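Here the structure is laid out as structure tokens; the discussion comes afterwards.
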Amino acid sequence: MAPLLIWQGETGPKHKLHDPKDINNTLGKKIRIIKLRNYLVGVNNLEKTCIDLLLLGVTNESLKSQLSNKNYQNPIPSLLHSSILSDTPTESTLLLPEQHLHQRKKYNKNKNGSWSGKIQWLFFKSLPVIGTYLLQYSLQLASIFTLGHLGQIELAGAALAAMFASVSAWSLTFGTTTALDTLCSQAWTAARDKTLVGIHLQRALIILAIIYIGFIIPFWWNRTYLRYLLLGAPPFIAFEGLKKYLQAQGIMRASTYVLLFASPLNFLINYTLVHAKPVCLGYIGAPIATSLSYWIMLLLLILYTCKLEGLEAWGGWSKDALKNWGPFLRLAIPGALMLCSEWWAYQITALATAYLGRINLATQSILLTIIGTSFQIPFAISIAAANRVGNSLGECFALKAKRASLVPMVFAACFGLLNCLFFMINRSFIGYLFTREEEVIENFYHAMPSCAFFVIADSLNAIVAGVIRGLGHQRIAAWISIGANYLLALPLAYILTFHLGYKLSGLWGGMAVALYVSSIGQSAYVFFVNWDSEVKRIRYSMKAEEIRILEPDHEEQDIIAPFMLTPTTSRTSGMI
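Going by UniProt numbering, the sequence shown opens with residue 1, and the numbers climb by one from there.
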């Protein structure tokens, strides 16, 4: 006779274990069940299947003997024809009521098979994230606009200071927090204890604090602007971490609400501290205003989390955050390299433009502003995609995760093409939005085709990188990005710009070719991913992390055991 396995399925997006007392009324014994892979139904050969099933508290001797038997058969018939729920148990009695089985089937179909559902989710979840990053991008522009009225020297100083902050502390912060896209999103759906998400956040904050300490000396050494901007680094770091923590739970709108208030306030504070009397601090007023805005953003986001939503994954400060940094660093370091390699490459091209003369330098500043603004949309969608893929893998829905990766990639290609067409059609008009100098406008007109060609690859590359972050394979994306940017992009751009005389067109053309190589390489990697294997890997790592925290005395074999319920598993009966 096949062994009797009891499956307590999900009945909604947020599943909860039933009270053991309810099960006791029908079975007579307490059984707690954590998870069974969604693809279990239909498996014909259990010997080839690794089932993530953990049974705790089973005292039924008959079940013990069956599960410890190494020669047991396929458990599927027992799942579908069980006797535990009927008043007079027989082998043909259904495990669950027939109506519940139909509801479960319909729920899984909607959850895994609807392309329209994926598109709707991506659209509605991406909109607030897009708003968040566009508004956040406007914070640094406020200082530039405000100081532009003081003079060229103040404006140039602020621009250089902002560039230094971007390529150092800010880029490392953004890159390091990409690890939370992976760990928090997967933990939110895979972990029994949701507070594991909060522990990941605490680890991130501790590591980012160490990074912050490393930047105190160079920021202080660079004098006035960066010294005052240093005051805003701690809230900026904490805001980024808390934002990722909420996004992993599907709470995308929180940071948008905060920035809808903080962004206009930032412009007001900038103007007040720089120009308005009696304050009128002048040049130093801009970094002080930016730092104050970061503190306001953090306090508002904490208030939102505490009063409205997001506390479910927070279990308080834990000493577990002080150890087991390995998984986080293995994602954070390549994530930082992946992001920083792109940012640094763009800044190198900006510096190289200085050798092309004033007209080209002015044109390059306009192009970088346009590309930077345009990039916020695919980058925001990549955040939503990373969390969607991570959540789906944590739920053990391999097909859902695969489709969740394909939808944003198709959107990226479409968005890039539309963006390219928009820039090409309006290139004679866009230049007048930034300047009235005819030479700069004409130069912009001729450089725009290469830049528009670049936008397509930039969109696809950003979103595919988000999918890879959801998978937790930042290392692959980092190597591809570094190779494309520094072995191909910069050398090719240098040859086209300075040796062949294409100037800005050659600069952006070289960057575009390398970015196409990077995006195609990453897309190919995603295409060949074994999604079922990814589900197994994530389930193992999540259970291992939980057991390390909840039961630190367990040995490694105790961590592996719950994942190997096969005929050759010698520890199965020990887990019962």
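For every residue, glycine included, the Cβ atom is placed at its ideal position computed from N, Cα and C.
No experiment lies behind these values; they were computed from the predicted model shown.
Other residues of its chain near residue i: CB distance less than 7 Å, five sequence neighbours each side excluded
| i | result |
| --- | --- |
| Leu-172 | Ile-211, Ala-336 and Cys-340 |
| Tyr-516 | Ala-457 |
| Leu-433 | none |
| Asp-87 | Low confidence applies here, because Asp-87 scores a pLDDT of 44, under 50, leaving its location unreliable and the question unanswered by this model. |
| Ile-284 | Thr-224 and Tyr-228 |
Test item: CB-CB of residue i and residue j under 7 Å
| i | j | result |
| --- | --- | --- |
| Thr-189 | Gly-470 | no |
| Ser-518 | Ala-484 | yes |
| Gly-310 | Ile-251 | yes |
| Leu-208 | Thr-176 | yes |
| Thr-132 | Thr-256 | yes |
| Gln-364 | Thr-353 | yes |
| Ala-489 | Phe-453 | no |
| Gly-416 | Leu-460 | yes |
| residue 591 | Ser-185 | The chain is shown from 1 up to 576; residue 591 falls before or after that span and cannot be answered. |
| Lys-321 | Ile-430 | One point to set straight first is that residue 321 is Ala, not Lys, in the sequence displayed. No; because the gap between Cβ atoms is not below 7 Å, this pair is not in contact. |
| Ile-463 | Pro-408 | yes |
| Ala-401 | Val-410 | no |
| Val-274 | Cys-396 | no |
| Phe-239 | Met-297 | yes |
| Gln-140 | Ala-162 | yes |
| Trp-344 | Val-197 | no |
| Phe-422 | Met-448 | no |
| Val-258 | Leu-300 | yes |
| Ala-384 | Lys-125 | yes |
| Tyr-271 | Thr-369 | no |
| Cys-451 | Leu-356 | no |
| Ala-254 | Leu-265 | no |
| Gly-315 | Thr-195 | yes |
Range covered by the alpha helix (DSSP H) that runs through residue i
| i | result |
| --- | --- |
| Thr-195 | From DSSP, Thr-195 is part of no alpha helix (DSSP H); its letter is neither H nor E. |
| Cys-420 | 398–425 |
| Pro-287 | 285–307 |
| Thr-369 | 358–394 |
| Ala-493 | 490–494 |
| Ala-313 | Here Ala-313 belongs to no alpha helix (DSSP H), and DSSP marks it neither H nor E. |
| Val-274 | 253–274 |
| Ala-352 | 326–353 |
| Arg-475 | 474–482 |
| His-446 | 438–471 |
| Leu-246 | 233–248 |
| Tyr-525 | 503–527 |
| Thr-224 | 224–229 |
Exposure of residue i, with buried meaning 16 or more beta-carbon neighbours within 10 Å
| i | result |
| --- | --- |
| Leu-201 | buried |
| Cys-280 | exposed |
| Pro-491 | exposed |
| Ser-143 | buried |
| Leu-27 | At Leu-27, the pLDDT of 39 sits below 50, so the modelled position is not reliable and the matter cannot be decided from this model. |
| Leu-180 | buried |
| Ala-169 | buried |
| Ser-116 | exposed |
| Phe-261 | exposed |
| Asn-426 | exposed |
| Pro-77 | Only weak support is given to the placement of Pro-77: the predicted model assigns it a pLDDT of 40, under 50, and the question is left unresolved by the model. |
| Thr-224 | exposed |
| Gly-282 | exposed |
Cβ-based neighbour list, residue i, same chain, cut-off 6 Å, excluding 5 preceding and 5 following
| i | result |
| --- | --- |
| Ile-377 | Ile-130 |
| Trp-295 | Pro-235 |
| Tyr-502 | Leu-496 |
| Ala-478 | Pro-334, Leu-337 and Met-338 |
| Lys-111 | Summary for Lys-111: the model assigns pLDDT 47, below 50, so the residue's position carries little reliability; its value from the coordinates is reported in the next sentence. Here the set comprises nothing. |
| Gly-232 | Thr-290, Ser-291 and Tyr-294 |
| Trp-531 | Ala-398, Ala-401 and Lys-402 |
Presumed contact (8 Å Cβ cut-off) between residue i and residue j, rounded CB distance
| i | j | result |
| --- | --- | --- |
| Pro-278 | Leu-229 | Contact flag wrong, Cβ pair sits at about 24 Å. |
| Val-526 | Val-467 | 5 Å |
| Ala-289 | Gln-249 | Not quite, the Cβ-Cβ distance comes to about 31 Å (not below 8 Å), so this is no contact. |
| Asn-387 | Leu-504 | Their Cβ separation, rounded to whole angstroms, is 37 Å, which puts Asn-387 and Leu-504 out of contact at 8 Å. |
| Gly-148 | Ala-204 | Not a contact, Cβ separation roughly 36 Å. |
| residue 614 | Thr-349 | The question about residue 614 has no answer, for the chain in this structure spans 1 to 576. |
| Ser-263 | Ser-428 | 31 Å between Cβ atoms; not a contact. |
| Leu-226 | Phe-174 | Rounded, the Cβ-Cβ distance is 18 Å, inconsistent with contact. |
Any non-hydrogen atom of the ligand SAM within 6 Å of residue i CB
| i | result |
| --- | --- |
| Arg-192 | Only the bare structure without any ligand can be found here, which leaves the ligand SAM out of the picture. |
Neighbourhood of residue i by C-beta, 8 Å cutoff - its chain only, sequence neighbours within 5 removed
| i | result |
| --- | --- |
| Ala-413 | Ile-456, Ser-459 and Leu-460 |
| Ser-523 | Met-409, Leu-460 and Val-464 |
| Ile-216 | Leu-230 |
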